[in-house]
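The following block contains the structure:
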């Protein structure tokens, strides 16, 4: 098993960062505008990226103290069964985001792409909570021939 | 051992991307302007980031067909002994960059920071070879309280 790991920080209260990763409205501000679903444990989140497809995830954990966890239930074969884990921690004026997309079976080229792409979305998340403006798809940063 | 893995693509000839990762002049265009050293196997590259410090690396491999490898010989304790591996491949108008920073002893928080930070520098590399303008330090993207 291999994991994608990242860390960003935003000058924003933990509650705001939590809202941005725990609710469909928040996620739509930095990952993809086509986000819908229910913000509750066991609820389903649906993420779409126009014609490219997307992901369905089940919410496994929601803790306003700074913990969110999703499990991928539909999407590209490599993603199914992987989990996305968020840990938020307030440190002074910063909220630190520890991000993990874990349980990849192999470090395939597509995983490397997703690692870089996640970084761009985490910076989008940072910008969203700091300024109100992220770069969710379809306005996301294109990093290669794979988007 | 844990690895940082990324993948970006640039619309540029492989030779240009190779030059950007194989020579101090190229690296200064996207990673840090304070880059010096000799572009030869066994040669030493010195990367500095103002007062923050920096890294010394030994070049282990240089192959204009698309392979570069460095070994970290000085810098933060977590970096020493790790290796940075570049594989470039031309695919049509794209040059695909497979990046690996391998041999981390543990997935510590600092590694997660470096993972995200490398992504921003890889996009800086992409911009540099595509447009002539990257964002090397000290003009790099600040991603958190750790820079």
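Protein chains in written order, with full-length UniProt numbering: chain A, 1 to 147; chain B, 1 to 147.
Just so you know, even glycine gets a beta-carbon here, dropped at the ideal spot from N, CA and C.
Keep in mind that this is a model prediction, so the values were computed, not measured.
For residue 95 of chain A, the enclosing beta strand (DSSP E) stretches over residues 94-104. The shortest CA-to-CA distance from residue 6 of chain A to any of B:86, B:114, B:12 is the one to B:114. Rounded to whole angstroms, the gap between the alpha carbons of residue 57 of chain A and residue 49 of chain A is 14 Å. When rounded, the separation of the alpha-carbon atoms in residue 87 of chain B and residue 40 of chain A is 43 Å. Residue 28 of chain A and residue 135 of chain A have their alpha carbons spaced roughly 10 Å apart.
One finds 116 in chain A with Cβ atoms closer than 7 Å to the Cβ of residue 122 of chain B, taken in chain order. For a Cβ distance threshold of 9 Å, residue set 144, 145 of chain B lies close to residue 94 of chain A, ordered along the chain. Counting every other CB atom within 10 Å of its CB across the protein chains shown gives residue 139 of chain A a total below 16, marking it as exposed. Non-local beta-carbon contacts of residue 9 of chain B in its own chain, meaning distances under 6 Å to residues more than five positions away in sequence, involve 94, 96 in chain order. For residue 61 of chain B, same chain residues with a beta-carbon under 6 Å away, outside a window of 5 residues either side, are 67, 69 in chain order. For residue 32 of chain B, the number of other beta carbons within 10 angstroms of its own is at least 16, and it is reported as buried. Here residue 84 of chain A is buried. Its C-beta has 16 or more other C-beta atoms within 10 Å. In this structure, the beta-carbon distance from residue 104 of chain B to residue 2 of chain B falls below 7 Å. Taking a beta-carbon distance threshold of 7 Å, residue 107 of chain B counts as an interface residue toward chain A. For residue 115 of chain A, no pairing in a beta bridge is given by DSSP. Against chain B, the CB of residue 6 of chain A has a partner CB under 7 Å away; the residue lies at that interface.
Residue 99 of chain B and residue 4 of chain B have their C-alpha atoms spaced approximately 8 Å apart.
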